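Enquirer:
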Amino acid sequence: MIDLNGINALTLIFASLLIFAIAYRFYGIFLANKVLRLNAKITTPAVEFADGQDYVKTDKKVLFGHHFAAIAAAGPLVGPVLAAQFGYLPGALWILIGCVLGGGVHDMVVLFASVRHKGESLATIASKEISKPIGTIAGLAVLFILILTLAGLSLACISAMHEAPWSLFTIILTMPIAIIMGLIMRYREGSVTFASLLGGVLLIVGIISGHNLMEMPAIANLFNWSIGTISIAIAVYGFFASVLPIWLLLVPRDYLSTYLKIGTILMLTVGIIFVAPTIQMPAFTSFIHGGGPVIGGPVLPFIFIVIACGAISGFHAIIATGTTPKMLGNEREILFVGYGAMLVEGFVALMALIAACTLMPGDYFAINTPVAAYDQFLAMHPELHAVDLQHFIDRIGIDLHGRTGGAVSLAVGMAHIFDKVPFMDNVMAYWYNFAIMFEAVFILTAIDAGTRVGRFFLQEMLGSVIPAFKDKNWWPGVILCSAIFTFSWGYLVYTGNVSSIWPLFGISNQLLAACGLIVCTTMLIRMNRKKYALCAAIPGIFMAIITFWAGYVQVKDIYLPNEQYLLASLAGIAMLLMGIVFIGTFIRWSQLFKVKELKVDMYGEEVKELVER
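Printed below as a string of structure tokens:
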């Protein structure tokens, strides 16, 4: 019998790289050529509706950077770290399998559907492919889930940045650098490489100089913001990222952030290869049956909602029907942008899992167990006492006990690995703060893109009542919808009413992923691709069943016994709305299966029915 405990981290790295490379080369190309039949000759919305504001044809490398930065928020970092409570194996298996067969398929299919529907939202696609009532309910569900998602991500970002001057300084610095890059790429033809190099150099200079600048009290005080101040600042940033032309701030900042994200993950990969650490967390812990201090439920079904981004994520559907389809210049690029970015995110998630699992289990649980409950936890599990935690505290200079939420344990794990690299043994505090800043960058790039997409959704919904709102260039509508949507999630962040949101975020997020797959399966069935539609239908139905199961357990066994009635109500609303969408969609499937006569659509393809484009 193979002993899965105490394996080397390199085993997981090489296995994931091999699996992802094979998946892209074979399954990704199969999806592109057989399932979706991507056609380079088709005029994309970015070209057909070019307006210099939202519909902007973008270089595929830049678009990959934007898309990856927008979809890779806190999920692939925080989720796997929290899931380490169950042991390293459940999380590793779900990331590898879910990413290849679920997340990558989801992102490609949803992006394809939006490109064929003028770059419009998932709600609009549902209206045209299923029915207007279902589209309206889907729109309400997406808006509801997006508000909860952005509030949860913002709270995670605030916990990483408040009273952390160096991290905040670097985050703020990315904004003027991004504007400079945007202006160069906009008004200097063929300048992507130059803008990339300039932005990268300025970012590196900012990171290095920021560490020294923050040692000056007068400057450090300028960036030593409280939780309340950062809560307001994040909402203000989201508003401007939603209103300003997409090429000026959002896309170049996401593109710039991608350098930091991928660069840091590559450094972590090299560090793991060089250090070759042993996975200290066992393959399975005693908490797989429930009762853990991090996640209260059992590994099944909770592993599927704790690790959302990194395996499959409904938030990706918001980006894939929001900003990205309006910038895609060639339909064939859906493979590179959609499937490729998802595989990279899966690798990021696995690296986060490895970083957390290289800590001693006792150190991991000491960081992720609330201080008030730690003594009781230790009395019940004396074998999980802290081993190296005091050493980390002395080196970093921060009390690490009870810093729950995953971000701190990931940062400590990364710093622990970098600290073992030769000549790096005296800079653990530097690496810790760098890791915290790195996580904040991940989160903010989802907040800006998510806020802009929320504005799109709101304009579409109000446009059904007041047609002027449908005009994405009508400034009163743009500003009003941006303000309303930003206030909706900003208020939750400022008041802190959803501070324990991660399980709720996981439930709503995975329901949205199931919705994206199931709705877009309808489009594939209509396009007479019943056999190939199974590639989207199977993971969609699986995610719907598993997430309803997790939601039921979360509400019955955790929210209600702990009198968390607000969270229980929000979870119930999300499941009810999505349940209605699923039932309406399955009825539409049965109707389409009965259609025998085929028609030719505007792309020259035989379809069961024609729909408005």
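Residue numbers for the sequence shown follow the numbering used here, so the first one is 1238 and each next one is one higher.
We put the beta carbon where it would ideally sit given N, CA and C, even for glycine.
Fair warning: this is a prediction, and the values are worked out from it, not measured in the lab.
Could you check how far apart the C-beta atoms of residue 1381 and residue 1811 are, in whole angstroms? I think they sit under 8 Å.
Expert: Contact holds; Cβ gap of about 7 Å.
Enquirer: Tell me, to the nearest whole angstrom, how far the beta carbon of residue 1440 is from that of residue 1643; I am working on the premise that it is less than 8 Å.
Expert: Not really, about 25 Å apart at Cβ, beyond 8 Å.
Enquirer: Could you please give me the residues that DSSP links to residue 1843 through a beta bridge?
Expert: Looking at the DSSP assignment, residue 1843 forms a beta bridge with 1837.
Enquirer: Which of the three DSSP states, helix, strand or coil, is assigned to residue 1515?
Expert: Residue 1515 falls in the strand class under three-state DSSP.
Enquirer: What number of angstroms, rounded off, separates the C-alpha of residue 1387 from the C-alpha of residue 1681?
Expert: Looking at the two C-alpha atoms, the distance is approximately 10 Å.
Enquirer: Looking only at its chain, what residues have a beta carbon closer than 6 Å to the beta carbon of residue 1549, apart from the 5 residues adjacent to it on each side?
Expert: Around residue 1549: 1335, 1339, 1340, 1343 and 1750.
Enquirer: Alpha helix (DSSP H) containing residue 1348: first to last residue?
Expert: Segment 1341-1353, the alpha helix (DSSP H) holding residue 1348.
Enquirer: Please classify residue 1653: is it buried, with 16 or more other beta-carbons within 10 angstroms of its beta-carbon, or exposed?
Expert: Label assigned to residue 1653: buried.
Enquirer: Of the choices 1746, 1740 and 1778, whose alpha-carbon is the least far from that of residue 1758?
Expert: Answer by Cα proximity: 1778.
Enquirer: Can you list, in chain order, the residues of its chain whose CB lies under 8 Å from that of residue 1515, leaving out five sequence neighbours each side?
Expert: Result list for residue 1515: 1243, 1244, 1245, 1246 and 1595, in chain order.
Enquirer: Sorted by chain position, which residues of the same chain lie with C-beta nearer than 6 Å to residue 1695's C-beta, five sequence neighbours on each side aside?
Expert: Closer than 6 Å at the Cβ level, and outside the excluded window around residue 1695, lie 1718 and 1722.
Enquirer: If you run the structure through DSSP and keep just helix, strand and coil, what is residue 1746?
Expert: It is helical.
Enquirer: DSSP state of residue 1596, grouped into three classes?
Expert: DSSP places residue 1596 in coil when its eight states are reduced to three.
Enquirer: Name the one or two DSSP bridge partners that residue 1590 has.
Expert: Per DSSP, none; premise fails for residue 1590.
Enquirer: CB-CB under 7 Å to residue 1835, same chain, minus the five flanking residues each way: which ones, in chain order?
Expert: Closer than 7 Å at Cβ, skipping near neighbours: 1765, 1843, 1844 and 1845.
Enquirer: Within 10 Å of its beta-carbon, does residue 1633 have 16 or more other beta-carbons around it, so buried, or fewer, so exposed?
Expert: Counting Cβ neighbours within 10 Å, residue 1633 comes out buried, since at least 16 surround it.
Enquirer: Would the region 1327-1334 and the region 1579-1598 be scored as touching if the rule is three or more Cβ pairs under 8 Å?
Expert: Yes, they touch.
Enquirer: Looking at the unbroken alpha helix (DSSP H) that takes in residue 1304, where does it start and where does it end?
Expert: Taken as a continuous stretch (DSSP letters only), the alpha helix (DSSP H) holding residue 1304 covers 1297-1308.
Enquirer: By DSSP, does residue 1797 sit in helix, in strand, or in coil?
Expert: Looking at residue 1797 - three-state DSSP - the assignment turns out to be coil, as it is neither helix nor strand.
Enquirer: May I ask which residues mark the beginning and end of the alpha helix (DSSP H) holding residue 1825?
Expert: Start and end: 1802-1830.
Enquirer: Opposite residue 1245 in the DSSP bridges: which residues?
Expert: BP columns for residue 1245 point to 1515.
Enquirer: Which runs of the alpha helix (DSSP H), 4 residues or longer, sit entirely within the region 1486-1547?
Expert: Complete alpha helix (DSSP H) runs here, min 4: 1487-1512 and 1536-1543.
Enquirer: So, at 8 Å on beta carbons, what are the nonlocal neighbours of residue 1574 in its own chain, with the 5 sequence-adjacent residues on each side left out?
Expert: The answer, listed in chain order, is 1297, 1300, 1301, 1304, 1348, 1561 and 1565.
Enquirer: Are three or more beta carbon pairs between the region 1704-1713 and the region 1514-1531 nearer than 8 Å?
Expert: Taking 8 Å as the limit for Cβ pairs, the verdict is that the region 1514-1531 does not touch the region 1704-1713.
Enquirer: Between residue 1309 and residue 1620, which are expected to be in contact by the criterion C-beta below 8 Å, what is the C-beta distance as a whole number of angstroms?
Expert: Contact flag wrong, Cβ pair sits at about 35 Å.
Enquirer: Per DSSP, what kind of secondary structure is residue 1565 in: helix, strand or coil?
Expert: In this structure, residue 1565 counts as strand in the three-state DSSP scheme.
Enquirer: Could you say which of 1325, 1350, 1337 and 1317 lies nearest to residue 1762 if we only look at CA atoms?
Expert: Residue 1762 has its Cα closest to that of 1350, out of 1325, 1350, 1337 and 1317.
Enquirer: Would DSSP call residue 1454 helix, strand or coil?
Expert: Reduced to three states, the DSSP call for residue 1454 is helix.
Enquirer: With respect to the alpha helix (DSSP H) encompassing residue 1261, which residues constitute its N-terminal and C-terminal limits?
Expert: Note, residue 1261: premise wrong, no alpha helix (DSSP H); not H, not E.
Enquirer: By the three-class DSSP mapping on this structure, what secondary structure does residue 1607 have?
Expert: Note: residue 1607 maps to coil in three-state DSSP.
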